[in-house]
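Taking it in order: structure first as structure tokens, then the write-up.
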Amino acid sequence: MTIRRQDEGFNAELLPVIGIIADEGAPETISLDPLRGEMRDFCRRVVVNEKFRGEAGSLLTIALADKNVKYAVIAGVGAEDKVTPEALREAAFAVTRAAASRGQRALSITMSRGGDEARSRAAAEGAVLAAYRFNKYLAADEKDKFVKPEDIVIVDGNERALAEGAIMAEAQCFARDLANEPANVITPESLAQKARELAEELGLKCDIWDEKRIADEKMGAYLAVASGSDNPPRFIHLSYEPEGAAKGHIALVGKGLTFDSGGLDIKPADFMTTMKGDKSGACAVLGAIRAAALMKLPWKVSAIVAAAENMPSGGAYRPDDILRARSGKTIEINNTDAEGRLTLADALAYASELKPDMIVDVATLTGACAVALGSTTAGLFTNNDDFGEKLLKASRASGERFWKLPMDDPNLRKQLKSPFADLVNCGARYGGAITAAMFLEAFVDKDIPWAHLDIAAADFVKKPFSYYVDGASGFGTRTLAELIREL
30 MTIRRQDEGF NAELLPVIGI IADEGAPETI SLDPLRGEMR DFCRRVVVNE KFRGEAGSLL
90 TIALADKNVK YAVIAGVGAE DKVTPEALRE AAFAVTRAAA SRGQRALSIT MSRGGDEARS
150 RAAAEGAVLA AYRFNKYLAA DEKDKFVKPE DIVIVDGNER ALAEGAIMAE AQCFARDLAN
210 EPANVITPES LAQKARELAE ELGLKCDIWD EKRIADEKMG AYLAVASGSD NPPRFIHLSY
270 EPEGAAKGHI ALVGKGLTFD SGGLDIKPAD FMTTMKGDKS GACAVLGAIR AAALMKLPWK
330 VSAIVAAAEN MPSGGAYRPD DILRARSGKT IEINNTDAEG RLTLADALAY ASELKPDMIV
390 DVATLTGACA VALGSTTAGL FTNNDDFGEK LLKASRASGE RFWKLPMDDP NLRKQLKSPF
450 ADLVNCGARY GGAITAAMFL EAFVDKDIPW AHLDIAAADF VKKPFSYYVD GASGFGTRTL
510 AELIREL
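Heads up, the sequence shown is in the numbering used here, so the first residue is 30 and it goes up one at a time.
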């Protein structure tokens, strides 16, 4: 797909679909500037007859009897003085999706103040996200007209911002593709191979550890989680280093459970479905480092994943086991389904040893966070309020919703105490997202600004909305990319 800029004088009628992102107003005042002559007059009559006012989220598709232009698609974004990048992202998605669903491979999109960087970036993101479907395992449907657009013109857009928006949306689609793959396709070994391929494509440094190296590196918590599966673990470290001196170093740590059965504390069947998505944190950090490299951002970025599969077997770790993590801390197991935090404990200890300027981990960690915030907002926890605010700012720009949750309750922290080890791996039911974050914090160097993003439930879409389609959402990818871009 190509996202390209054209000057305002561009003749949109050269392309089969003319998309217009319209501010709210009376039907007689809705801007139809890209249209000309009889076509414009006809569309005006339709707009008036349909009483289309350009409210946020509204969409009007008009079929045209023209030899070149097949459709005019108008998406509303609300009152001009209240238009947000998120509204533009959704409108560009709607326009592009309407074209793609009608088998049209090329379109133009016009919006007011198109040269604004934030608007251009958002429009490019929405357009690219509109082309996404994960249908590689479906038989062809002759009635399905959907095609992936090949040429999208953003009239009078900001060229650099359009390129950045396209890269960030493509990174989210990359993360979605990985997360959507089932566990019989993406194992820890094949996830490591995907990381190698990414490194080769972008010139990244790549270090992959097998189970023997993981044991030699004393990652006892991570290795225990992997012990019940016939698919061996793989520890992945990708590094992007910009040309010249880097402004700093950020480490991104992603939870990489390629499947989570719950282990010996096995999940009920309904809760095991979609557990192929328990690697979504890993997919997000791989997508983010891809975006950083393609945008040539001036920060060094490390993407770290402790990939494993949590399965029940005679070799699986058990409740009451006591594990020794890489940091030297001991952990008593009271729930084998609280496994992601064990893999992250060793990954975060490793990340801390790199002495980065900041660390962010991303994980589908707790059902408690999903209960608290729902399926369209993720939790943010941090040991540094200033760093947390930078992440929230990036999330607001990306349109991915995060909400900061507290970590200062001493009574909740007591739940992690064990009479037999330094920590237990799981607190009580209430406040479970917070105690999970507190557990992770114990493995991060206290002098390094750190944030934990709990994307449980936000990682998978069961009912499409906004610019999210069925399946993996790639949630967190663009927020991480935006954070690095803004640092």
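Here a beta-carbon is modelled for each residue, glycine too, at the ideal position from N, C-alpha and C.
Task: Buried versus exposed call for residue 368 [16 or more other C-beta atoms within 10 Å across all chains shown] - done: To locate residue 368, count along the sequence shown from 1; it is residue 339. Flag for residue 368 reads buried.
Open item on the list: Check this for me: beta carbons of residue 290 and residue 208, under 9 Å apart or not?
Closed with: Walking along the sequence shown from the start, residue 290 turns up at place 261. Walking along the sequence shown from the start, residue 208 turns up at place 179. Not closer than 9 Å, so no.
- [ ] For residue 326, I'd like the list of residues in its chain whose CB is within less than 7 Å of its CB, leaving aside the five on either flank, ordered along the chain.
- [x] Here residue 326 is taken as the residue at index 297 of the sequence shown, counted from 1. For residue 326, where only same-chain residues beyond five positions count, the Cβ hits under 7 Å are 271, 513, 514.
TODO: Would you kindly report the start and end of the unbroken alpha helix (DSSP H) that includes residue 58?
DONE: In the sequence shown, counting from the first residue as 1, residue 58 sits at position 29. Segment: none, residue 58 is in no alpha helix (DSSP H) and carries neither H nor E.
Task: Collapsed DSSP secondary structure at residue 468 in the structure displayed - done: To locate residue 468, count along the sequence shown from 1; it is residue 439. Correct three-state label for residue 468: helix.
TODO: Whole angstroms is fine: what's the gap from residue 281's alpha carbon to residue 333's?
DONE: Stepping through the sequence shown from its first residue, residue 281 is reached at position 252. Stepping through the sequence shown from its first residue, residue 333 is reached at position 304. Looking at the backbone, the Cα of residue 281 and that of residue 333 are separated by about 6 Å.
Task: Contact set for residue 230: own chain, Cβ-Cβ below 8 Å, skip 5 residues either direction - done: Within the sequence shown, residue 230 is the residue found at index 201, counting from 1. Excluding residues within five positions, none has a Cβ falling inside 8 Å.
- [ ] Tell me whether the beta-carbon of residue 354 lies closer than 9 Å to the beta-carbon of residue 465.
- [x] Position 325 of the sequence shown, counted from the first residue, corresponds to residue 354. Position 436 of the sequence shown, counted from the first residue, corresponds to residue 465. Contact flag unset, no.
- [ ] Determine the direct distance from the alpha carbon of residue 395 to that of residue 461, and round the result to whole angstroms.
- [x] For the purposes of this step, residue 461 is taken as the residue at position 432 of the sequence shown. For the purposes of this step, residue 395 is taken as the residue at position 366 of the sequence shown. Residue 461 and residue 395 have their alpha carbons spaced roughly 7 Å apart.
- [ ] Tell me whether the beta-carbon of residue 154 lies closer than 9 Å to the beta-carbon of residue 507.
- [x] By one-based count along the sequence shown, residue 154 stands at place 125. By one-based count along the sequence shown, residue 507 stands at place 478. Cβ atoms of residue 154 and residue 507: closer than 9 Å.
TODO: Please determine if the stretch 139 to 157 and the stretch 46 to 65 are in contact, where contact requires at least 3 C-beta pairs separated by less than 8 Å.
DONE: yes
- [ ] Work out the CA separation of residue 206 and residue 177 for me, nearest whole Å.
- [x] For the purposes of this step, residue 177 is identified with residue 148 of the sequence shown, where counting begins at 1. For the purposes of this step, residue 206 is identified with residue 177 of the sequence shown, where counting begins at 1. Looking at the two C-alpha atoms, the distance is approximately 15 Å.
Open item on the list: Using 9 Å as the threshold, is the C-beta distance between residue 76 and residue 61 below it?
Closed with: One-based indexing of the sequence shown puts residue 76 at position 47. One-based indexing of the sequence shown puts residue 61 at position 32. Going by C-beta atoms, residue 76 is nearer than 9 Å to residue 61.
Task: Cut-off 6 Å between Cβ atoms - residues of its own chain near residue 187, not counting five sequence neighbours on either side - done: In the sequence shown, counting from the first residue as 1, residue 187 sits at position 158. Around residue 187: 144, 146, 149.
TODO: Just the C-alpha distance for residue 435 and residue 224, rounded to the nearest angstrom, thanks.
DONE: Sequence index remark: in the sequence shown, residue 435 carries index 406 (1-based). Sequence index remark: in the sequence shown, residue 224 carries index 195 (1-based). Cα to Cα, residue 435 sits roughly 34 Å from residue 224.
- [ ] Could you give the DSSP three-state label for residue 332: helix, strand or coil?
- [x] For this step, residue 332 is matched to residue 303 along the sequence shown. Three-state DSSP puts residue 332 in a strand.
Task: Cross-strand partners of residue 390 (DSSP beta bridge) - done: One-based indexing of the sequence shown puts residue 390 at position 361. 282, 481.
Task: For residue 416 and residue 391, the rounded distance between their alpha carbons - done: Within the sequence shown, numbered from 1, the residue matching residue 391 stands at position 362. Within the sequence shown, numbered from 1, the residue matching residue 416 stands at position 387. Cα to Cα, residue 391 sits roughly 15 Å from residue 416.
Task: Residues near residue 294 by beta carbon distance below 6 Å, same chain, minus five either side - done: Counting from one through the sequence shown, the residue named residue 294 turns up at place 265. For residue 294, where only same-chain residues beyond five positions count, the Cβ hits under 6 Å are 364, 365, 366.
Task: Contacting residues, own chain, Cβ-Cβ under 6 Å from residue 198 (five flanking each side not counted) - done: As a first step, residue 198 is located in the sequence shown; it is residue number 169 there, counting from the start. If we look at residue 198 and ignore the five residues flanking it on each side, its Cβ neighbours are 154, 157, 158.
- [ ] Would you be able to state if there are at least three C-beta pairs under 8 Å between the stretch 411 to 426 and the stretch 474 to 481?
- [x] Per the Cβ contact rule, the stretch 474 to 481 is in contact with the stretch 411 to 426 (3 or more Cβ pairs under 8 Å).
Task: Delimiting residues of the beta strand (DSSP E) encompassing residue 234 - done: Residue 234 sits at position 205 when you count from the first residue of the sequence shown. For residue 234, the uninterrupted beta strand (DSSP E) run begins and ends at 234 to 238, by DSSP.
Task: Whole-angstrom distance between residue 202 and residue 342, CA atom to CA atom - done: Working through the sequence shown from its first residue, we reach residue 342 at position 313. Working through the sequence shown from its first residue, we reach residue 202 at position 173. So the two alpha carbons sit approximately 35 Å from each other.
Task: Close Cβ partners of residue 126 (< 6 Å) along its chain, the five nearest in sequence each way excluded - done: Mapped onto the sequence shown, residue 126 falls at position 97. Excluding residues within five positions, the ones whose Cβ falls inside 6 Å are 159.
TODO: Taking 8 Å as the threshold, find out whether the stretch 241 to 253 comes into contact with the stretch 212 to 222 through three or more Cβ pairs.
DONE: no
TODO: Leaving out five residues on either side along the sequence, give the residues of the same chain with a beta carbon under 6 Å from the beta carbon of residue 72.
DONE: Counted from its first residue, the sequence shown places residue 72 at position 43. Contacts found: 61, 64, 91, 101.
Task: Residues of its chain near residue 204, where Cβ-Cβ distance is below 6 Å and the 5 sequence neighbours each way are ignored - done: Taking the first residue of the sequence shown as position 1, residue 204 is located at position 175. The residues are 312, 313, 316, 503, 506.
TODO: Just tell me which of 96, 485, 261, 59 has its CA closest to the CA of residue 79.
DONE: Stepping through the sequence shown from its first residue, residue 79 is reached at position 50. Comparing C-alpha distances from residue 79 to each of 96, 485, 261, 59 shows the shortest one belongs to 59.
Open item on the list: Just to confirm the assignment, what range does the alpha helix (DSSP H) spanning residue 201 have?
Closed with: One-based indexing of the sequence shown puts residue 201 at position 172. That run of the alpha helix (DSSP H) goes 188 to 209.
TODO: Determine, using beta-carbon pairs with one atom in the stretch 253 to 269 and one in the stretch 366 to 386, whether at least three such pairs fall under 8 Å.
DONE: yes
TODO: Apply the 10 Å Cβ neighbour rule to residue 483 and answer buried if 16 or more other Cβ atoms are within range, or exposed otherwise.
DONE: For the purposes of this step, residue 483 is taken as the residue at position 454 of the sequence shown. The residue in question, residue 483, is buried, as its Cβ has 16 or more Cβ neighbours within 10 Å.
Task: Residue of 287, 360, 321, 422 minimising C-alpha distance to residue 279 - done: For this step, residue 279 is matched to residue 250 along the sequence shown. Answer by Cα proximity: 321.
Open item on the list: Strictly under 9 Å for the Cβ-Cβ distance: is residue 502 near chain D by that measure?
Closed with: Of the protein chains in the structure, only one exists, and it is not chain D.
Open item on the list: On the criterion of 16 or more Cβ atoms from any shown chain inside 10 Å, does residue 120 qualify as buried, or is it exposed?
Closed with: As a first step, residue 120 is located in the sequence shown; it is residue number 91 there, counting from the start. Buried.
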